[in-house]
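A.B. asks: Numbering (our numbering), first residue to last: 6 to 540.
Glycine is no exception: its CB is placed at the ideal position from the N, C-alpha and C atoms.
Take a look at the following structure, please.
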């Protein structure tokens with residue numbers, strides 16, 4: 006569930022941390038089972054297991070759910086409609102986050118094509134008007150000027166879609182609805198209005214690229230028989246691990262288990278309680294701290310950047326503009342910045358270090374989704390090694406070549422190393438209960454020799470098959486949403502032949518989706534393979 010162990014059930018609410026209180030309130034809200042459930046960043050204080058539990062709960066929720074979230078993996082698993090807010094308003098997209106990405110790109114490209122076509126038509130109309138405004142076809146030219154002036158004014162306020170509204174509703178109605186100004190009355194006024202029309206733009210995003218100053222050695226990090234923690238308070242143990250150049254390890258586990266402490270051991274700020282930890286040759290380590298404690302709260306954005314690297318003021322301001330600090334923003338004191346702004350400044354400084362080994366502690370925590378996408382792209386093309394501490398499963402899924410999981414064994418925490426990407430790790434985790442059950446049966450005499458093991462090839466095969474089924478489910482859900490909209494349009498147009506055909510397609514897609522869910526259920530409960538020695 007929400008991560009409370011039985012010994013914490015009787016603890017007074019006043020003694021809980023802010024994150025624990027948030028989880029208690031979330032649990033109480035879910036138990037009330039309202040018709041409309043509104044959740045604001047519900048995954049912020051949850052570990053991965055609690056988030057997965059919440060996803061499963063919301064997937065079967067009988068009422069409506071409205072979620073504000075920057076958790077892309079959560080939106081992929083729990084959402085079937087995406088509302089994107091921007092300065093231009095709210096736009097709706099059918100499907101989950103992955104479907105939204107595809108539709109958003111298609112929508113941007115369509116808007117650009119429509120804008121280019123509109124500008125081409127406007128140029129032809131203006132050419133005709135200029136050539137004929139004082140000639141024999143002056144009446145036709147003035148008519149075109151009047152019509153084009155109204156279109157341009159409608160587009161100025163309502164976008165290109167307002168042209169169809171203008172044609173169907175007429176100028177008087179659309180002018181009242183959109184509060185339009187008087188359209189241009191002269192050729193000069195019309196040309197000025199055309200020049201002032203904004204081209205389609207995408208929201209401003211961070212522009213970053215990570216470069217390593219030099220190549221590190223092949224072995225970046227090794228540890229053996231390691232105990233991490235504080236004197237008298239060990240946190241977890243590590244039997245053995247190795248991180249090689251160009252690999253990305255994702256360190257995951259419940260909150261408060263010592264992930265940040267482990268980074269401090271790697272940085273040399275804290276000694277291990279026992280065992281060995283060795284860094285490789287030619288390393289330049291860059292550290293992104295979750296709390297950005299290295300930033301001076303009394304400094305300005307510009308001063309803090311210059312403290313880390315000297316450069317001309319103009320160059321520094323241009324560089325900060327790439328991280329969305331523009332104009333007087335660079336003179337803001339760090340103490341006044343939001344969490345997202347502090348994270349962007351910390352990333353800007355990290356890039357300047359040109360490290361070849363990045364230690365990233367929750368780098369996406371305060372970033373909006375566009376900034377998360379940019380950071381992910383920069384990390385994917387980074388020519389170095391990464392150790393990532395994060396609850397951002399989307400980032401882990403895209404980057405990790407190893408998963409290091411802090412798991413509780415009775416009352417002892419141990420760091421377990423899984424060498425493989427996140428989807429393979431998930432497949433292996435799903436078969437753990439079956440493996441444990443088979444091992445127990447063997448220990449009780451039900452098996453031949455008690456050895457239960459799943460090969461890496463089998464794990465990979467299952468992970469790929471599971472991912473394919475989940476992709477088919479997402480595609481079918483998107484198809485159903487599109488068919489539903491088309492059916493509604495056919496019903497409104499009273500096109501009954503099309504409606505019958507679409508209804509048959511919809512029912513066929515529904516049956517296919519049900520079969521896919523059955524297949525998914527069988528795969529997620531598939532027992533582990535028992536590999537026994539021949540003979």
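(1) Let's test the definition: count the other Cβ atoms within 10 Å of the Cβ of residue 539 and tell me whether it reaches 16, buried, or not, exposed.
(2) In terms of residue numbering, what span does the alpha helix (DSSP H) encompassing residue 266 cover?
(3) Do three or more CB pairs link the segment 479 to 493 to the segment 93 to 106 at distances below 8 Å?
(4) Am I right that residue 254 and residue 409 are in contact with their C-beta atoms under 8 Å? What's the rounded C-beta distance?
(5) Mark residue 376 as exposed unless 16 or more other C-beta atoms lie within 10 angstroms of its C-beta, in which case mark it buried.
(6) Hey, how far is the Cα of residue 413 from the Cα of residue 419?
(7) So does the segment 235 to 242 actually touch the segment 177 to 196, counting three or more Cβ pairs closer than 8 Å?
(8) Give the straight-line distance between the Cα atoms of residue 114 and residue 296, rounded to the nearest whole angstrom.
(9) Would you mind reading off the limits of the beta strand (DSSP E) that contains residue 239?
(10) May I ask you to list the residues that DSSP assigns as paired with residue 44?
(11) Please report how far the alpha carbon of residue 271 lies from the alpha carbon of residue 214, in whole angstroms.
(12) Within the continuous beta strand (DSSP E) that includes residue 224, where are the two ends?
(13) On the DSSP bridge assignment, give the partners of residue 253 in chain order.
(14) Put residue 97 into one of helix, strand or coil per three-state DSSP.
(15) By the three-class DSSP mapping on this structure, what secondary structure does residue 258 have?
(16) Compare the C-beta of residue 107 with all C-beta atoms of chain C and state if any pair is closer than 8 Å.
(17) Along the beta strand (DSSP E) that carries residue 87, what are the first and last residues, could you check?
(18) Leaving out five residues before and five after residue 371 in sequence, what residues of the same chain have Cβ atoms less than 6 Å from its Cβ?
(19) Do residue 183 and residue 291 have their CB atoms nearer than 8 Å?
(20) Ordered along the chain, which non-local residues of its own chain (more than five positions away) have a Cβ less than 6 Å from that of residue 44?
(21) Whose C-alpha, out of 514, 293, 476, is nearest the C-alpha of residue 368?
(22) With a threshold of 8 Å on Cβ separation, who are the neighbours of residue 85 within its own chain once the five nearest residues in sequence on each side are excluded?
(23) Please confirm whether residue 264 and residue 258 have their CB atoms less than 8 Å apart.
(24) In angstroms with no decimal places, state the Cα-to-Cα distance between residue 61 and residue 51.
(25) Can you tell me the Cα-Cα spacing of residue 522 and residue 474, whole angstroms?
(26) Determine whether the beta carbon atoms of residue 223 and residue 249 lie at a separation below 8 Å.
(27) Go to residue 292, then tell me how far its beta strand (DSSP E) extends in each direction, as first and last residue.
(28) Within a Cβ cutoff of 8 Å, which residues of the same chain sit near residue 379, ignoring the five residues on either side of it in sequence?
(29) Going straight from the alpha carbon of residue 517 to that of residue 525, what length do you get?
(30) Are the Cβ atoms of residue 390 and residue 251 separated by less than 8 Å?
(31) With a cut-off of 8 Å, do at least 3 Cβ pairs link the segment 115 to 127 to the segment 154 to 174?
(32) Can you give the Cα-Cα distance for residue 500 and residue 111, rounded to whole angstroms?
(33) Would you mind working out which of 480, 528, 512, 515 sits nearest residue 81, comparing C-alpha positions?
(34) Bridge partners of residue 408, per DSSP?
(35) List the endpoints of the continuous beta strand (DSSP E) containing residue 281.
(36) Measure from the alpha carbon of residue 575 to the alpha carbon of each residue in 40, 27, 39, 46, then state which is nearest.
C.D. replies: Quick answer:
(1) Low confidence applies to residue 539: its pLDDT is 37, below 50, so where it sits in the model is not reliable, and the reading given next is rough at best. Answer is exposed; the Cβ neighbour count stays below 16.
(2) Unbroken alpha helix (DSSP H) run through residue 266: 264 to 271.
(3) yes
(4) 5 Å
(5) buried
(6) Note on geometry: alpha-carbon atoms of residue 413 and residue 419 lie some 6 Å from one another.
(7) no
(8) 38 Å
(9) Per DSSP, residue 239 is one residue of the beta strand (DSSP E) stretching across 238 to 249.
(10) 72
(11) Residue 271 and residue 214: Cα-Cα distance of roughly 25 Å.
(12) That run of the beta strand (DSSP E) goes 224 to 235.
(13) 391
(14) strand
(15) coil
(16) The chain inventory of the structure shown lacks chain C, comprising one protein chain alone.
(17) 86 to 91
(18) 344, 345, 348
(19) no
(20) 72
(21) 293
(22) Within the same chain, residue 85 has close Cβ partners 99, 100, 101, 482, 486.
(23) yes
(24) Here the alpha carbons of residue 51 and residue 61 stand approximately 14 Å from one another.
(25) 8 Å
(26) yes
(27) Here the beta strand (DSSP E) through residue 292 covers 290 to 293.
(28) Contacts found: 210, 211, 212, 213.
(29) 12 Å
(30) yes
(31) Because the criterion of three Cβ pairs below 8 Å is met, the segment 115 to 127 and the segment 154 to 174 touch.
(32) 28 Å
(33) Looking at the Cα atoms, 480 is the closest of the given residues.
(34) 255, 423
(35) 279 to 284
(36) Lying before the first or after the last residue shown, residue 575 is absent from the chain, which here runs from 6 to 540.
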